[in-house]
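Below you'll find the structure, written out as structure tokens, and then a few comments.
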Amino acid sequence: MLTRLMSFFCLLMASYFVYQNRYRVMNILLGNTILRRLAVSSLMGMPGFRRRMFQSVFSGPNDWQ
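Numbering of the sequence shown is given in the working numbering, commencing with residue 86 and proceeding in unit increments.
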């Protein structure tokens with residue numbers, strides 16, 4: 086029981102640390118070419134994200150108001 090409680094506490098503290106430094110962690114992870122390529126390919130595999138990305142990138146000049 087005590088080891089399970091300690092494991093939960095350590096997981097909670099690690100989650101808090103990652104949340105507090107989330108932008109630094111993202112910069113470190115996305116600085117790696119393989120991880121960046123994996124992240125982009127997985128995001129582009131989501132139809133809703135892909136549609137919105139293409140709409141914002143390839144929109145015409147009249148769509149910007």
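Beta carbons: idealized from backbone N, C-alpha and C, even for Gly. For clarity, every value in this text was computed on a predicted model and none was experimentally measured.
Check: Distance cut-off 7 Å: M98 Cβ against heavy atoms of the ligand MN; Outcome: What this structure holds is no ligand at all, so the ligand MN is not there to describe.
Check: N106 (DSSP reduced to helix, strand or coil); Outcome: coil
Check: Whole-angstrom distance between R121 and G133, CA atom to CA atom; Outcome: 20 Å
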